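Chains as they are written, first to last, in the working numbering: chain A, 1 to 113; chain B, 1 to 112.
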Amino acid sequence: NAGVMQNPRHLVRRRGQEARLRCSPMKGHSHVYWYRQLPEEGLKFMVYLQKENIIDESGMPKERFSAEFPKEGPSILRIQQVVRGDSAAYFCASSPVTGGEAFFGQGTRLTVV
Amino acid sequence: QQQVKQSPQSLIVQKGGISIINCAYENTAFDYFPWYQQFPGKGPALLIAIRPDVSEKKEGRFTISFNKSAKQFSLHIMDSQPGDSATYFCAARGTNFNKFYFGSGTKLNVKP
Numbered sequence: 001n002a003g004v005m006q007n008p009r010h011l012v013r014r015r016g017q018e019a020r021l022r023c024s025p026m027k028g029h030s031h032v033y034w035y036r037q038l039p040e041e042g043l044k045f046m047v048y049l050q051k052e053n054i055i056d057e058s059g060m061p062k063e064r065f066s067a068e069f070p071k072e073g074p075s076i077l078r079i080q081q082v083v084r085g086d087s088a089a090y091f092c093a094s095s096p097v098t099g100g101e102a103f104f105g106q107g108t109r110l111t112v113v
Numbered sequence: 001q002q003q004v005k006q007s008p009q010s011l012i013v014q015k016g017g018i019s020i021i022n023c024a025y026e027n028t029a030f031d032y033f034p035w036y037q038q039f040p041g042k043g044p045a046l047l048i049a050i051r052p053d054v055s056e057k058k059e060g061r062f063t064i065s066f067n068k069s070a071k072q073f074s075l076h077i078m079d080s081q082p083g084d085s086a087t088y089f090c091a092a093r094g095t096n097f098n099k100f101y102f103g104s105g106t107k108l109n110v111k112p
């Protein structure tokens with residue numbers, strides 16, 4: 001009964017490159033949330049997805065960031081043309097139904113050099 | 001506008017003492033209030049959660065107290081241990097909302 005799986009755990013990108021972060025929800029979970037955490041700070045909501053649908057993307061920056069959760073496969077958070085300010089830990093959480101408990105993965109730590 | 005306000009920012013407690021972390025919210029549509037524990041380099045782990053139809057929930061050494069009229073809830077850690085040293089986040093979500101709103105976190109240090 002694996003938990004929420006995120007990969008890679010650590011990702012280093014040069015400025016201007018693309019970063020792809022993957023999240024496989026817990027078995028039976030069809031809802032995925034993405035959060036960003038800066039060092040010594042709290043969790044900032046980015047986007048909420050169900051299978052094949054973006055439900056709420058009010059926390060996503062308007063440019064360079066996108067997310068998807070296809071019918072098959074993991075959810076992907078994509079950051080194009082990364083900048084130093086994108087360096088952070090990105091966490092994914094999943095829940096079985098709307099209103100259910102949410103469980104987090106171990107995160108992907110993105111470093112932009 | 002911060003939906004969930006958490007205090008204190010940091011807390012030092014002696015081993016065996018009681019750790020108390022407080023959160024307050026404004027939106028009366030919230031109806032689910034979890035607490036998460038996060039160790040350095042790890043993801044937040046669900047610790048305990050409460051719904052507003054009860055005023056208290058206890059699981060082992062961890063207790064949530066909930067005051068619906070005051071729109072406040074708190075986490076109490078009894079017999080605090082050095083292994084409890086971590087950052088704790090409160091959160092809130094409503095049935096009509098799609099996301100959790102998190103507090104800013106409390107860094108707990110339990111001294112041996």
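Every residue gets a Cβ at the ideal spot worked out from N, C-alpha and C, and that includes glycine. Remember, predicted model here, so these are calculated numbers, not experimental data.
Let's see if you can read the secondary structure: which residues bound the beta strand (DSSP E) around A/PRO25? In the DSSP annotation of this structure, A/PRO25 is not part of any beta strand (DSSP E), being labelled neither H nor E.
Does the Cβ of B/ILE18 have 16 or more other Cβ atoms within 10 Å, making it buried, or fewer, making it exposed? exposed
Can you give the Cα-Cα distance for B/ARG61 and A/GLN17, rounded to whole angstroms? 47 Å
I'd like to know if A/GLU101 contacts chain B, where contact means its C-beta is closer than 9 Å to some C-beta of that chain. yes
Which residues DSSP lists as bridging B/PHE62, in chain order: B/GLU59 and B/ILE77
Is any heavy atom in the ligand HEM found nearer than 8 Å to the beta carbon of A/SER58? Looking for the ligand HEM in the displayed structure turns up nothing, as the structure carries no ligands at all.
Along chain B, which residues have their Cβ under 9 Å away from the Cβ of A/PHE91? GLY43 and PRO44
Going by Cα to Cα distance, which pick from B/TYR88, B/PRO44, B/GLN72 and B/VAL13 is closest to B/VAL54? B/GLN72
What residue range is occupied by the uninterrupted beta strand (DSSP E) comprising A/VAL4? First-last for A/VAL4: undefined, no H or E at that position.
Which value, in whole angstroms, describes the spacing of the CA atoms of B/LYS57 and B/TYR32? 13 Å
Report yes or no: do the region 1-10 of chain B and the region 92-102 of chain A share at least 3 C-beta pairs separated by less than 8 Å? no
Between the region 63-78 of chain A and the region 9-18 of chain B, do three or more beta carbon pairs fall short of 8 Å? no
Are there 16 or more other CB atoms within 10 angstroms of the CB of B/THR28, so buried, or fewer, so exposed? exposed
Find out if the Cβ-Cβ distance for the pair B/ALA45, B/GLN38 is shorter than 9 Å. yes
Amino acids of chain A, ordered along the chain, whose beta-carbon sits closer than 8 Å to that of B/LYS58: The contacting residues do not exist; B/LYS58 stays about 18 Å from chain A at best.
Counting only Cβ-Cβ distances shorter than 7 Å, please list the residues of the region 20-40 of chain A near chain B, keeping chain order. TYR33
I want to see whether chain E comes within less than 9 Å of B/PHE66, judged by CB atoms only; does it? The structure shown has no chain E; the protein chains it does contain are A and B.
Below-9 Å beta-carbon distance, B/ALA49 vs any chain A residue: Yes, contact with chain A.
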